[in-house]
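Terminal number for the sequence shown in our numbering: 1147, no gaps in between.
What follows is one structure encoded as C-alpha cells, with my remarks underneath.
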Amino acid sequence: MTHDGQVGVVGAGLGGLAAACVLGARGYRTVVFDKNEWLGGKAAVLEAEGFRFDMGPTILTKPKVLERIFREAGRELSDYLDLRRLDPQWRCFYEDGSSLDLREDKSAMRAVLEARRPGAGAGYDRFMDIAERMHEITERYFFWKPIGGVWDAILGAEGNKMATLAELMDVRLGRSTAALIRQHIPDEQAAQMFDHYCQYVGSAPDLSPAVLCSIASIQAHEGVWYPIGGTGAVPAALRKLAGEFGVEFRPATDVRRIAVDGGRVTGIELNDGERVPLEAVVSNCDAVRTHTELVGGEAEQRFMRRRRFEPACSGVVLYLGLKEKYEHLQHHNFVFSRDPHEEFEAIYRKGEPAADPTVYVCCPSETEPEVAPTGGEALYLLVHTPYMRPHHDWKKMLPDYRQVILDKLKRCAGMADLEERIVFEQSLTPQDIHDRYRVLDGAIYGTASHGTWAGATKPSNRSPDVEGLYLAGGAANPGPGMPMVMMSGWIAADTLDRDRSKAARAA
Ligand SMILES: Cc1cc2nc3c(=O)[nH]c(=O)nc-3n(C[C@H](O)[C@H](O)[C@H](O)COP(=O)(O)OP(=O)(O)OC[C@H]3O[C@@H](n4cnc5c(N)ncnc54)[C@H](O)[C@@H]3O)c2cc1C
641 MTHDGQVGVV GAGLGGLAAA CVLGARGYRT VVFDKNEWLG GKAAVLEAEG FRFDMGPTIL
701 TKPKVLERIF REAGRELSDY LDLRRLDPQW RCFYEDGSSL DLREDKSAMR AVLEARRPGA
761 GAGYDRFMDI AERMHEITER YFFWKPIGGV WDAILGAEGN KMATLAELMD VRLGRSTAAL
821 IRQHIPDEQA AQMFDHYCQY VGSAPDLSPA VLCSIASIQA HEGVWYPIGG TGAVPAALRK
881 LAGEFGVEFR PATDVRRIAV DGGRVTGIEL NDGERVPLEA VVSNCDAVRT HTELVGGEAE
941 QRFMRRRRFE PACSGVVLYL GLKEKYEHLQ HHNFVFSRDP HEEFEAIYRK GEPAADPTVY
1001 VCCPSETEPE VAPTGGEALY LLVHTPYMRP HHDWKKMLPD YRQVILDKLK RCAGMADLEE
1061 RIVFEQSLTP QDIHDRYRVL DGAIYGTASH GTWAGATKPS NRSPDVEGLY LAGGAANPGP
1121 GMPMVMMSGW IAADTLDRDR SKAARAA
C-alpha cells in the first residue's frame, strides 16, 4: 500500500535506519537526513593502513530485532548479513592475574562457577531463573510498544491491571542490578562480570534497576553475534533494504528545526534554509536535543518537566593496529578494574575518569582475519568515562589516560609488549563522540538508566507533546544499544503508521 505525502527521518543512526526500512516497506515515501557523510551514526567504520575498525558498537545481541525488520519487509536477514555466533561470549581478566569466561550455555557457565566456588552453581541457577522471568515480562510489557513509563505498560496491557502490576513487580522494581546480582552470586569476580551488563546502557549497577539483569537471559538464549564485515555491515544492510523500497537518503544534510504549526509537525528546515514539507517526522537525534534544539517552545518545556534527564556515560576508544595479534584473547574481552565500587563511584558519582578502569578489548581478527594485515590485529580498546563536565578538556587529558589504559593491559591481560606491537593508532574521545554524533554531553548510550523505578523506562516513541513527532534512538524507549535502538526505530515507524492509518479511517 502506498500513502499520500512524505515522511522524514532526522538522523541515520541504527534507530533512524530501522525506522526508514519499516516506513519504506509499509509504503511511505520516506526521506532520511543526516548531518554526517556516512550512514549508521555511531556504527561508523575506520579503515586505514590495511586495518578496519568498527568505531562504535562491537557486541551485537538480540539479532531477532533485525530478523523481524527484514522478515516484515518480505526479506531474509541471512541474504543481507552473515552473522557468526560467539562462545565464550566474553573473556574476563582480573587484577590478580586470573580469568573467567562468560559462556553462552547455562550448564557450562554453571559448571565454571561451581568449580570456582562449591555451591555457587545453585546461586547462578536462581539468578538465571529470575533473569529469564524478567526477560519474559519485558518482552510482554516493555518491548515493541511506544511506552513512556511503567504506568503506560500497566494501562496498555490487556486484562486485569492489578494482575499486570503484580507481574511487573517480578522485575524487582525498586531494587538495583548490583544488589540482585550479589544476592545470588557471592563470588565477587563473577558478580563484577555480571555487573557489566549495565555497561551496555552506560549506567552504574548500584543505581540501575534490577530489570537490566534480563540481559543475562537475552544473551544466554539469543547469543552474542558478529556480522562478517564488522558491525558496520549492519547499517549497510539496513541501507540496502531501505533503498529497495525507494527510501531517499540525504547525507551531509543538517536539520536546523522541526517545523510545528498548531501543535502538529509540518516539515523540517535545513541549515541552508531549505524547507521540506513532511506529514510526520521520526527524530533519531537524541531525544533531549530534539526537544531543546529542534522543537523548542511549550513542547520542550513539557518534555523537560516530565522527567530528569542525566546523560549516560561517555568513553575513550583507542584503535590500535598491531603487527602481531595476541593468541590468548577472545573476540570480546574485559580487563576489570581492581575495585568496581571505586571505579563506578568515579565515573557515575564524582564525574571523573576512573584511576583504575575496566578496559573492554575487542579482537575481531579472531573471527574475521581480514580486519588486519596477515597475523595482525585491529585492536579496539574502550574505557567508559563520565559524560563531559565543563572542566574536561580531552585534548589535554587523553595522553595521560591513554597510558593508564595501556599500563592496565600490560599489567593484567598478558600484553606486556603491547606498545612494541602498535603500528597504527587513532582515538575517539568524549568530545569527539559529542561532536560527531550530536549527543548529550558526549553520552554514548543516550540517557542514564539510573533510578530503580524510573530507570526502567525511557521517553515514549510517540511524542505526547507534538502530533506527528516520533522518537527513535538510545534516549527513547526501549533504550540504547544496537538491538534496542533498532527496536525503537521499528516502534516509532509502527506507531506513526498506526496513527496515520487511524486518521485516514476517521477522515
Ligand atoms: C564507542 C561505542 C561503543 C559502543 N558499543 C556498543 C556495543 O558493543 N553494543 C551495542 O549494542 N551498542 C554499543 N554502543 C551503543 C550503540 O552504538 C548506540 O546505542 C546506537 O548505535 C545508537 O544509535 P541511535 O539510533 O541512537 O543513533 P546514533 O548512532 O546516535 O545516530 C544519530 C544520528 O543522528 C544524526 N543527527 C543528529 N542530529 C541531527 C540533525 N539535527 N540533523 C541531521 N542529523 C542529525 C547524527 O549525525 C547521527 O548520525 C556503542 C557506542 C559507542 C559510541
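Even for Gly, the Cβ is constructed at its ideal location relative to N, Cα and C.
task: With DSSP collapsed to three states, give me the class of Trp678.
output: coil
- request: Could you tell me whether the Cβ atoms of Lys682 and Asp894 are closer together than 8 Å?
  value: no
- prompt: Three-state secondary structure (DSSP) at His643?
  reply: coil
- request: Within the same chain, show all residues whose beta-carbon is closer than 6 Å to that of Leu1068, passing over the 5 residues directly before and after it, in chain order.
  value: Val957
- prompt: Can you round the beta-carbon distance between Ala645 and Ser1100 to whole angstroms, since I take them to be within the 8 Å contact cut?
  reply: The sequence given here places Gly at residue 645; Ala does not occur at that position. Not quite, the Cβ-Cβ distance comes to about 23 Å (not below 8 Å), so this is no contact.
message: Given this structure, state the Cα-to-Cα distance separating Pro1009 from Tyr966, to the nearest angstrom.
response: 13 Å
message: So, under 8 Å CB-CB, Leu700 and Tyr959 are touching, yes? Tell me the CB distance rounded to an integer number of Å.
response: That belief does not hold up - the Cβ atoms of Leu700 and Tyr959 are roughly 19 Å apart, past 8 Å.
task: Return yes when the C-beta of Pro849 is under 7 Å from any heavy atom of ligand 1, and no when it is not.
output: no
message: Less than 7 Å between C-beta atoms, sequence neighbours within five positions excluded: which residues of the same chain meet that for Glu964?
response: Gly1015, Gly1016, Arg1061
- prompt: Relative to the alpha-carbon of Leu706, which residue among Trp678, Glu950, Pro1123, Ala1143 has its alpha-carbon at the smallest distance?
  reply: Pro1123
field: Pick from Arg896, Ala927, Gly903, His931 that is closest to Arg915, judged by C-alpha positions
entry: Arg896
- request: Could you check if Lys785 is buried or exposed, using at least 16 other CB atoms within 10 Å of its CB as the buried criterion?
  value: buried
query: So is the beta-carbon of Lys682 under 7 Å away from any non-hydrogen atom of ligand 1?
result: yes
- request: State whether the segment 712 to 728 contacts the segment 1039 to 1051, with contact taken as three or more CB pairs (one from each stretch) at a distance under 8 Å.
  value: no
- prompt: Can you pull the DSSP bridge partners for Val649?
  reply: Val672, Val922
Met1122 Cβ short of 7 Å to ligand 3 heavy atom set: The ligand content of the structure shown is limited to ligand 1, which means ligand 3 is not among them.
message: Output needed for Gly1114: all residues of its chain with C-beta closer than 7 Å, excluding positions within five of it in sequence on either side, in chain order.
response: Tyr1085, Gly1086, Pro1120, Val1125
- prompt: What is the residue span of the beta strand (DSSP E) that Phe693 lies within?
  reply: 691 to 694
query: What separation, rounded to the nearest whole angstrom, lies between the Cα atoms of Phe691 and Gly869?
result: 12 Å
query: Does DSSP put Leu742 in a helix, in a strand, or in coil?
result: Leu742: strand per DSSP, three-state reduction.
message: Taking a contact to mean a Cβ-Cβ separation below 8 Å, would you say Ala920 touches Arg766 in this structure?
response: no
Residue environment, Glu938, which counts as buried when at least 16 other CB atoms sit within 10 Å: By the neighbour-count criterion, in which a residue is buried when 16 or more other Cβ atoms sit within 10 angstroms of its Cβ, Glu938 is exposed.
- prompt: Are the CB atoms of His972 and Ser854 nearer to each other than 8 Å?
  reply: At least 8 Å separates the beta-carbon of His972 from that of Ser854.
Ala1152 to Val1011 span [Cα, whole Å]: Given a span of 641 to 1147 for the chain in the structure shown, any question on residue 1152 remains unanswerable.
- prompt: Anyone know if the C-beta pair for Leu753 and Ala830 falls short of 8 Å?
  reply: If you check the CB distance, Leu753 and Ala830 come in under 8 Å.
message: At a threshold of 7 Å, does Cys925 count as lining ligand 1 (C-beta to nearest heavy atom)?
response: yes
- prompt: If you follow the beta strand (DSSP E) that Ser843 is part of, which residue opens it and which one closes it?
  reply: In the DSSP assignment, Ser843 falls outside any beta strand (DSSP E) and carries neither an H nor an E.
query: In the DSSP assignment, what residue or residues form a beta bridge with Phe733?
result: Ser739, Val975
- prompt: Out of curiosity, what's the CA-to-CA distance linking Leu910 and Leu1109?
  reply: 17 Å
message: Measuring only from the beta carbon, is Asp1040 closer than 7 Å to any heavy atom that is part of ligand 1?
response: no
- prompt: Would the C-beta of Leu852 count as close to ligand 1, meaning under 7 Å from any of its heavy atoms?
  reply: no
- prompt: Which of the three DSSP states, helix, strand or coil, is assigned to Phe949?
  reply: coil
field: Top-ranked residue by Cα proximity to His861, from Glu772, Ala818, Arg708
entry: Glu772
- prompt: Is it right to say His836 is buried, meaning 16 or more other beta carbons lie within 10 angstroms of its own, or is it exposed?
  reply: buried
- request: Check the DSSP bridge columns for Ser816 and list the partner residues they point to.
  value: Pro849
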